[in-house]
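S.K.: Residues 252 to 462 in this note's numbering are what the sequence shown lists, from first letter to last. All C-beta atoms in this analysis are idealised placements derived from N, C-alpha and C, irrespective of residue type, glycine included. The structure displayed is predicted, hence computed values, not measured ones.
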Amino acid sequence: MYNPKKFHQEDINKLNGLMVEYPFATLVTHSELEIEAEHIPLYLNQSGDKPVLQGHIAKANPLWKNLNDNAQVLVIFNGPNCYISPNHYPSKQDNPRVVPTWNYVSVQVKGIIRFIHDAQWKLAMLNNLTVQHEAKQAVPWSITDAPQEYTQRMLPAIVGFEIKIKSLQGKWKVSQNQSEENKRGVFVGLSKETESHAQKIAELVQQSMNG
252 MYNPKKFHQE
262 DINKLNGLMV
272 EYPFATLVTH
282 SELEIEAEHI
292 PLYLNQSGDK
302 PVLQGHIAKA
312 NPLWKNLNDN
322 AQVLVIFNGP
332 NCYISPNHYP
342 SKQDNPRVVP
352 TWNYVSVQVK
362 GIIRFIHDAQ
372 WKLAMLNNLT
382 VQHEAKQAVP
392 WSITDAPQEY
402 TQRMLPAIVG
412 FEIKIKSLQG
422 KWKVSQNQSE
432 ENKRGVFVGL
442 SKETESHAQK
452 IAELVQQSMN
462 G
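1) Assign residue 390 to buried or exposed, taking buried as 16 or more other Cβ atoms, counted over all protein chains shown, within 10 Å of its Cβ.
2) Excluding the 5 residues preceding and the 5 following residue 353 in the sequence, name in chain order all residues of the same chain whose CB lies nearer than 8 Å to its CB.
3) Quick test of the definition: if touching needs 3 or more C-beta pairs under 8 Å, does the stretch 383 to 400 touch the stretch 355 to 372?
4) Quick check on this structure: which residue in 281, 300 and 269 has the alpha carbon closest to the alpha carbon of residue 294?
5) Residue range of the beta strand (DSSP E) that residue 278 falls in?
6) Hey, residue 455 and residue 449 are a contact pair by Cβ (cut 8 Å); roughly how many whole angstroms apart?
7) Applying the criterion that 16 or more other CB atoms from any shown protein chain within 10 Å of the CB defines a buried residue, is residue 373 buried or exposed?
8) Suppose contacts are defined by Cβ-Cβ distances below 8 Å. Is residue 342 in contact with residue 432 by that definition?
9) Residue 315 bridges to which residues according to DSSP?
10) Less than 8 Å between the C-beta atoms of residue 350 and residue 340, yes or no?
11) Take residue 317 as the anchor and find which of 292, 282 and 409 has the nearest alpha-carbon.
12) Does DSSP put residue 261 in a helix, in a strand, or in coil?
13) Which class does residue 384 belong to by DSSP, given the choice of helix, strand or coil?
14) Could you tell me the distance, in whole angstroms, from the CA atom of residue 279 to the CA atom of residue 345?
15) On the CB-based measure, 16 or more other CB atoms within 10 Å of its CB, does residue 405 come out buried or exposed?
16) What are the residues that DSSP puts in a beta bridge with residue 328?
What follows is the structure, encoded as structure tokens:
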């Protein structure tokens with residue numbers, strides 16, 4: 252992706268943090284048949300020497316048949332994003348030569364995929380996903396809440412996969428190309444909005460103001 256230096260995010264903790272906080276990713280693959288995009292919640296497994304992405308697809312999905320193991324894939328994680336009106340820029344009063352834009356945060360992962368059919372591996376992956384996403388529930392649901400025979404019967408209906416991360420690229424476009432005055436204007440303007448993404452972007456703009 253086009254990623255000017257001022258927007259380039261290199262902090263690995265922030266890159267990993269975004270993948271955990273916004274795990275619903277777009278998996279882009281290229282086989283001999285076509286280019287495909289799948290929308291899948293992924294789990295960033297950081298327990299080993301190097302983090303990997305793990306997930307699953309329905310066995311009925313032909314992706315695992317059409318794509319060879321060790322194929323190169325692209326994974327896109329989109330974080331908060333929102334429209335930026337020129338009305339947020341105080342400088343507009345003196346210089347009307349301003350245009351709207353869009354602030355956003357994203358991470359792109361290039362990696363190598365392999366498909367996994369082992370039942371125990373799939374069960375562990377599903378448990379990790381469940382624990383992560385149930386963490387905020389008042390009474391978290393657990394895979395063990397479902398009858399064991401039901402869970403075992405469902406496992407063959409999915410195919411697991413793991414993506415070995417080869418490169419990470421983060422883009423934090425949060426008004427870094429604006430003056431401090433305009434950054435403050437964007438922060439104040441977005442802070443007044445009720446939409447959650449606008450609030451998140453306001454926080455990131457404030458962070459850019461503090462260096």
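M.R.: In this structure, then:
1) exposed
2) 332, 333, 334, 335 and 424
3) no
4) 269
5) 275 to 281
6) 11 Å between Cβ atoms; not a contact.
7) So residue 373 counts as buried.
8) yes
9) Paired residues: none, contrary to the question.
10) For residue 350 and residue 340, no; Cβs fall outside 8 Å.
11) 282
12) coil
13) helix
14) The alpha-carbon separation between residue 279 and residue 345 amounts to approximately 45 Å.
15) Exposed is the call here.
16) 358
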